[in-house]
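In my numbering, the protein residues as written are 1 to 490.
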């Protein structure tokens, strides 16, 4: 019986141990493969479902246009959400688009304060924004009819990081402007945030690169603002452009005001360098008027003439921009080196008014004191006092006005006219009470031969000068009239 039972086991009643092990491994592999396939399908389904759910939630708030075509990762402990391939596209014939390669938002379960810290990291932004005929930009914005909802958990921005962002701005028919953000960092600080950014902008023949930093409080008021820029604007090379402000924000009346402002500019063109350094008390804009108060500083052009620099200084200037009109008042000085020697001009209470719409400039220099080289005494100077009033038409490239000046015992009063497109672009009609030409004769042998008539005609000047008492080469004359390139009647 036992021998027969063993034969039956060998014939098919029971499998040998080796076959049982192989069958077990096969079942295990099939189970593992089925689990992996199920997990992958479930993950893909949940990933796509989560992406579509998030897109629907965003579109419900901003009016549509958002879809997510990259992977989505959601983590609960601690909270973290990562999106890839986030795209927004506006509706219309020329829509704007925004694409973000990666967006990560995370927080923490434990919060020392009432709000949980929120960290946002954005990488790889490519956007094209267009402006319509009414001046509005295509931006993903929340609907105006939708009331803002309070978040389920109170959060507060702790850090914001944006890297590798390129935004192209299309405003009508104007050339596009490309703004590049290499990196932007915003970090929570006591009472607000600390901000730093670096990048640049390009438009047609303009390229600027630089960095800025500032602190912002919870009322959107900036402090310790600084910006450093450099680049090219057409033929002008900007070596340095620095802007600073102690504080920038809104007043109780709703006007924007910057306090403790400063600027430094250094540019080059065609071998010449222009340098500006200025400081001001306050810059204020209330939506209609813009005022810059207490401006003082210096402007240097090198070389200005004869390979020598010219420096202009200004003190207690006030700039007022109301609509298309710009008014400037204050005190100004100018110093330069001419071939004949140094000159210095100082004006007190200067007033300039520019009408941008009409292209009209009104200039009033009620007190102008100048120090000029004395042609009769090398190395010496002579004082000049003048008053100048005039108007200038920018489009026509011409202007006219009155002038009065006193030099020693001589007084001149006259009218001037400048037309830059005319052969004799400077015209002066004036009267001098007395003029002693012997006093202004340069040292050396006197010139006996008069200038050729052709030389007078080549001067770009029209002159009609009446002289009450004239002294020349020891001879005195009364009621003398001198005309150069003038056809006026005597």
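Built from N, CA and C at the ideal position, the CB exists for glycine as well.
Scanning the region 385 to 473 for uninterrupted alpha helix (DSSP H) segments of 4 residues or longer gives 453 to 458, listed from N- to C-terminal end.
Within its own chain, the residues whose Cβ lies closer than 6 Å to the Cβ of residue 121, once the five positions on either side in sequence are excluded, are 104, 161, listed in chain order.
Distances from the alpha-carbon of residue 159 to those of 176, 193, 139 put 193 closest.
Distance from the CA atom of residue 288 to the CA atom of residue 251, rounded to whole angstroms, is 15 Å. DSSP places residue 485 in the coil class of the three-state scheme, outside both helix and strand. If only uninterrupted alpha helix (DSSP H) runs of at least 4 residues are considered, none is enclosed by the region 201 to 230. For residue 269, the number of other beta carbons within 10 angstroms of its own is below 16, and it is reported as exposed. Put simply, of 302, 233, 299, 211 the residue whose alpha carbon is nearest the alpha carbon of residue 181 is 211.
Residue 88: member of the beta strand (DSSP E) spanning 80 to 89, first to last residue. Per DSSP, residue 356 has no beta-bridge partner at all. Closest by C-alpha distance to residue 264, out of 300, 292, 258, is 300. Between residue 479 and residue 429, the gap from beta carbon to beta carbon reaches 7 Å or more.
Taking a contact as a CB-CB distance under 8 Å, the pair residue 414 and residue 403 counts as one, their CB atoms being some 6 Å apart. Contact holds between the region 276 to 284 and the region 244 to 261, because three or more Cβ pairs, one in each stretch, are under 8 Å apart. Taking C-alpha positions only, residue 341 is separated from residue 375 by approximately 9 Å.
In the structure shown, residue 54 adopts helical secondary structure according to DSSP, grouped into three states. A direct Cα-Cα distance of roughly 29 Å separates residue 391 from residue 267.
For residue 215, the closest C-alpha among the options 249, 66, 118, 358 is that of 249.
Pairing residue 68 with residue 91 gives a Cβ-Cβ distance that is not under 7 Å. DSSP places residue 162 inside the beta strand (DSSP E), whose first and last residues are 155 to 171.
The alpha-carbon of residue 339 is positioned some 20 Å away from that of residue 271. Membership of residue 316 in the beta strand (DSSP E) is indicated by the continuous run 308 to 322. Using a Cβ distance threshold of 7 Å, residue 424 and residue 485 count as a contacting pair.
Relative to residue 224, the option among 213, 468, 138 whose CA is nearest is 213.
A direct Cα-Cα distance of roughly 33 Å separates residue 186 from residue 234. The alpha-carbon of residue 344 is positioned some 31 Å away from that of residue 395.
Residue state for residue 340 is assigned as coil, using DSSP reduced to three classes.
With 16 or more other CB atoms across the displayed protein chains lying within 10 angstroms of its CB, residue 130 is buried. For residue 117, the enclosing beta strand (DSSP E) has its first and last residue at 116 to 131. Burial is judged here by how many other beta carbons sit within 10 angstroms of a residue's own beta carbon; residue 442 has fewer than 16 and is exposed. Cβ contact annotation for residue 175 (same chain, cutoff 7 Å, sequence separation greater than five): 203, 204, in chain order. Inter-residue distance for residue 459 and residue 426 is about 10 Å (C-alpha atoms, whole angstroms). When rounded, the separation of the alpha-carbon atoms in residue 190 and residue 154 is 19 Å. Residue environment analysis places residue 462 among the buried positions, since at least 16 neighbouring C-beta atoms fall within 10 angstroms of its C-beta. Rounded to whole angstroms, the separation of the alpha carbons of residue 318 and residue 371 is 26 Å.
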